[in-house]
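2 protein chains.
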Amino acid sequence: MTGGDSLDIRPIGVIRTPFESVAGIPVQPLSGKGIRGKIILREEYAEGLKDLDGFSHATLIYHLHRAAAPALRVVPFMDDEEHGIFATRSPRRPNRIGISTVRILKVDKNEIEIEDLDMIDGTPLLDIKPFFPEFDNRHGGRAGWLEKRKGENKEGCRSDDRFTGE
Amino acid sequence: MTGGDSLDIRPIGVIRTPFESVAGIPVQPLSGKGIRGKIILREEYAEGLKDLDGFSHATLIYHLHRAAAPALRVVPFMDDEEHGIFATRSPRRPNRIGISTVRILKVDKNEIEIEDLDMIDGTPLLDIKPFFPEFDNRHGGRAGWLEKRKGENKEGCRSDDRFTGE
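The listed protein sequences derive, respectively, from chains B and G. With the first letter of the first sequence counted as 1, position 53 gets the number 76 in the working numbering; the numbers rise by one all the way through. With the first letter of the second sequence counted as 1, position 123 gets the number 146 in the working numbering; the numbers rise by one all the way through.
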């Protein structure tokens with residue numbers, strides 16, 4: 024395998040949220056329950072939103088544009104031990120791609136009201152996929168180092184500044 | 024919002040699967056149950072795999088490199104009506120980004136044996152995220168046009184050639 028060229032991937036819109044700095048953001052949508060914001064899609068893509076409002080949830084794919092430089096080993100927010108970046112959700116990943124499954128409240132032309140947010144204001148959006156529980160849920164598996172945090176209340180769980188690029 | 028520049032996103036590896044042509048591929052990992060393949064990560068990222076083997080599932084983010092040109096309205100494999108691209112999982116999306124949650128069988132240096140596959144052989148990999156059911160599952164929501172397919176057996180569900188770029 025040789026060094027790959029950069030792919031032609033461009034923002035299709037922007038995610039507006041109440042979070043203006045990298046520290047203090049919910050670590051996952053579960054921790055950001057009830058927090059609202061919106062997607063402003065580029066107008067030329069508005070037609071692609073038809074029937075999205077039939078889904079209660081969608082998975083957003085976005086660019087972690089303010090993450091610190093990539094690292095292969097990190098200590099994630101929810102642990103005090105180091106893990107490989109691909110065994111964590113830390114933003115310091117190659118390609119800085121983030122995913123979050125959020126609640127869809129309302130679709131109006133090129134704007135979508137969303138809830139349960141864990142991303143910073145101004146995040147560049149790359150894709151929107153409808154969530155289908157039958158396809159997307161997984162049950163009864165193992166969750167590695169996160170097993171020990173199972174069942175804890177994570178609603179107040181917030182980031183600190185360890186992964187900021189500023 | 025002005026036209027966004029292309030982001031610096033490059034393949035971190037490749038996904039090897041038994042599927043050599045775009046037609047006949049499982050439409051989702053659920054339909055590709057038991058189908059095995061592997062990830063060959065670029066060697067310089069191998070260190071980032073530490074502790075991934077503790078997870079039974081991971082969500083792969085990849086480039087739908089052989090998809091047809093993007094379209095804003097499509098008739099998806101699982102329906103006979105047209106929907107907005109962002110209300111479907113069709114590969115004809117802007118940015119051609121795909122996601123699939125697969126089973127992790129074994130991690131060995133820069134190679135990962137995986138199962139429940141629905142992507143074509145040679146797919147460029149962009150990211151690997153550990154799956155944590157407590158964060159990633161969603162229950163009791165609405166699934167739009169897919170509601171009517173709920174509970175059906177989808178294990179044999181395969182693509183045809185409508186989205187091929189060839």
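Don't be surprised by glycine CBs; every beta carbon is placed ideally from N, CA and C. Note that the coordinates shown come from a computational prediction; the quantities given were computed from them, not determined experimentally.
By DSSP's assignment, residue 98 of chain G forms no beta bridge with any residue. DSSP places residue 64 of chain B in the strand class (E or B) of the three-state scheme.
Residue pairing by DSSP places residue 82 of chain G opposite G:124 and G:152 in a beta bridge.
For residue 60 of chain B, the closest alpha carbon among the candidates B:134, B:78 and B:174 is that of B:134.
One finds 70 and 73 in chain G with Cβ atoms closer than 7 Å to the Cβ of residue 96 of chain B, taken in chain order. For residue 182 of chain G, no CB of chain B lies under 8 Å from its own CB, so it is not counted at the interface with that chain. DSSP, reduced to helix, strand and coil, places residue 31 of chain B outside both helices and strands of the structure shown, so it counts as coil.
In the three-state reduction of the DSSP assignment, residue 59 of chain G falls in the strand class, which pools E and B. At a cut-off of 8 Å between beta carbons, residue 157 of chain B contacts chain G.
Under the three-state reduction of DSSP output, residue 147 of chain G falls in the strand class. Pairing residue 54 of chain G with residue 180 of chain G gives a Cβ-Cβ distance under 8 Å.
A distance of 8 Å or more separates the beta carbons of residue 112 of chain B and residue 87 of chain B. For the segment 31–47 of chain B, the beta-carbon criterion of a distance under 9 Å to any beta-carbon of chain G is satisfied by 31, 32, 33, 34, 35, 36 and 37. Using a Cβ-Cβ cut-off of 8 Å, residue 173 of chain B counts as an interface residue toward chain G, since at least one Cβ of chain G sits closer than that to its own. Where residue 39 of chain G is concerned, the enclosing beta strand (DSSP E) starts and stops at 36–39.
For residue 77 of chain G, the neighbours in chain B by C-beta distance under 8 Å run, in chain order, 110, 165, 166, 167, 168 and 170. For residue 153 of chain G, at least one C-beta of chain B is nearer than 8 Å to its own C-beta. Taking the C-beta atoms as reference points, residue 71 of chain G is found no nearer than 8 Å to residue 84 of chain B. Residues of the segment 116–146 of chain G with a C-beta atom less than 7 Å from some C-beta of chain B are 116, 117, 118, 120, 122 and 124, listed in chain order. One thing to note: residue 146 of chain G has its Cβ within 8 Å of the Cβ of residue 37 of chain G.
In terms of Cα proximity to residue 40 of chain B, the closest of B:78, B:144 and B:29 is B:144. Taking a beta-carbon distance threshold of 8 Å, residue 149 of chain G counts as an interface residue toward chain B. Cβ contact annotation for residue 136 of chain G (same chain, cutoff 6 Å, sequence separation greater than five): 61, 128 and 129, in chain order.
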